[in-house]
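J.:
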Amino acid sequence: MVHAVKVPSHLNLALCSWRLGNYEHAIHHCTQVLGRKSANAAAINAKAYYRRGASHSILGNFDEARADLAEAVALAPTDSEIRKEMSALKAKETEYKAEQRQMTQRMMAGAGGDGEEEEEVKEEAGTVVGVSTREMEV
Numbered sequence: 156m157v158h159a160v161k162v163p164s165h166l167n168l169a170l171c172s173w174r175l176g177n178y179e180h181a182i183h184h185c186t187q188v189l190g191r192k193s194a195n196a197a198a199i200n201a202k203a204y205y206r207r208g209a210s211h212s213i214l215g216n217f218d219e220a221r222a223d224l225a226e227a228v229a230l231a232p233t234d235s236e237i238r239k240e241m242s243a244l245k246a247k248e249t250e251y252k253a254e255q256r257q258m259t260q261r262m263m264a265g266a267g268g269d270g271e272e273e274e275e276v277k278e279e280a281g282t283v284v285g286v287s288t289r290e291m292e293v
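Residue numbers for the sequence shown follow our numbering, so the first one is 156 and each next one is one higher.
1) Under 9 Å between the Cβ atoms of alanine 198 and leucine 168?
2) So serine 212 and glutamate 240 are in contact, right, with Cβ under 8 Å, and what is the actual spacing, rounded?
3) Over the uninterrupted alpha helix (DSSP H) stretch that includes lysine 202, give me the two end residues.
4) With valine 160 and arginine 191 assumed to form a contact (beta carbons below 8 Å), what rounded beta-carbon distance in angstroms separates them?
5) Whole angstroms are fine: how far does the CA of tyrosine 204 sit from the CA of leucine 166?
6) Got a sec, what are the start and stop residues for the alpha helix (DSSP H) aspartate 218 sits in?
7) Could you check if glutamate 226 is buried or exposed, using at least 16 other CB atoms within 10 Å of its CB as the buried criterion?
8) Out of Asn216, Gly215, His184, state which residue places its alpha-carbon closest to the alpha-carbon of lysine 202.
9) Helix, strand or coil: how does DSSP classify threonine 233 here?
10) Between valine 188 and leucine 244, what straight-line distance do the alpha-carbon atoms span, to the nearest angstrom?
11) Under a Cβ-count criterion, where at least 16 other Cβ atoms within 10 Å of its own Cβ denotes burial, should aspartate 223 be classed as buried or exposed?
12) For glycine 215, does the count of other Cβ atoms within 10 angstroms reach 16, so buried, or fall short, so exposed?
13) Does the Cβ of glycine 208 have 16 or more other Cβ atoms within 10 Å, making it buried, or fewer, making it exposed?
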């Protein structure tokens, strides 16, 4: 009897948490749902996997999101919301990878450099209160 009330309650709490922006709590409540047995497990688990996957996606946990959404698609293959979230996840992953590629290229370009920045740093390091190290040696 108690489990019959807890499962829908956790699923509703997950939705409320998700809508309020508490994605960690949404993940927690969905995990609670997935840990319990229920009468119509496939439909409930599909919702729980979908909501947990959407929360992981927003938090940037792409591997977990992909796993949960794939499980949701397996349980409810005709659900259009799950499919939309899966395609949104793929777009986010593509964007993230492009940003990482650009950042790596900028880092590599800065590491190789043309040496001008190094010379400027050396010149600044050699100056002590307006007197260069060359003048101090004389």
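All C-beta atoms, glycine included, are put in the ideal place defined by N, C-alpha and C.
Just so we're clear, the structure is a prediction, and the values are computed from it rather than from any experiment.
T.: Let's see:
1) If you number the sequence shown from 1, residue 198 lands on position 43. If you number the sequence shown from 1, residue 168 lands on position 13. No; because the gap between Cβ atoms is not below 9 Å, this pair is not in contact.
2) Position 57 of the sequence shown holds residue 212. Position 85 of the sequence shown holds residue 240. So it is a contact: roughly 7 Å between Cβ atoms.
3) Residue 202 sits at position 47 when you count from the first residue of the sequence shown. Taken as a continuous stretch (DSSP letters only), the alpha helix (DSSP H) holding lysine 202 covers 196-214.
4) Position 5 of the sequence shown, counting from 1, holds the residue named residue 160. Position 36 of the sequence shown, counting from 1, holds the residue named residue 191. Not a contact, Cβ separation roughly 11 Å.
5) Start at 1 with the first residue of the sequence shown, and residue 166 comes out as number 11. Start at 1 with the first residue of the sequence shown, and residue 204 comes out as number 49. Cα-Cα distance, rounded: 10 Å.
6) Residue numbering aside, residue 218 sits at position 63 when the sequence shown is read from its first letter. 217-230 is the span of the alpha helix (DSSP H), which, as asked, contains aspartate 218.
7) Position 71 of the sequence shown, counting from 1, holds the residue named residue 226. Residue burial is scored here from C-beta neighbours: glutamate 226 has at least 16 other C-beta atoms within 10 angstroms and is therefore classed as buried.
8) Here the question's residue 202 lines up with position 47 in the sequence shown. His184 is the residue among Asn216, Gly215, His184 whose C-alpha sits nearest the C-alpha of lysine 202.
9) As a working mapping, residue 233 is identified with position 78 in the sequence shown. Coil.
10) The residue given as residue 188 occupies position 33 in the sequence shown. The residue given as residue 244 occupies position 89 in the sequence shown. Taking the straight line joining both Cα atoms gives about 23 Å.
11) Stepping through the sequence shown from its first residue, residue 223 is reached at position 68. Result: buried.
12) For the purposes of this step, residue 215 is identified with residue 60 of the sequence shown, where counting begins at 1. Under this definition glycine 215 is an exposed residue.
13) Residue mapping note: residue 208 aligns to position 53 of the sequence shown, counting from 1. When all chains shown are included, glycine 208 counts as buried.
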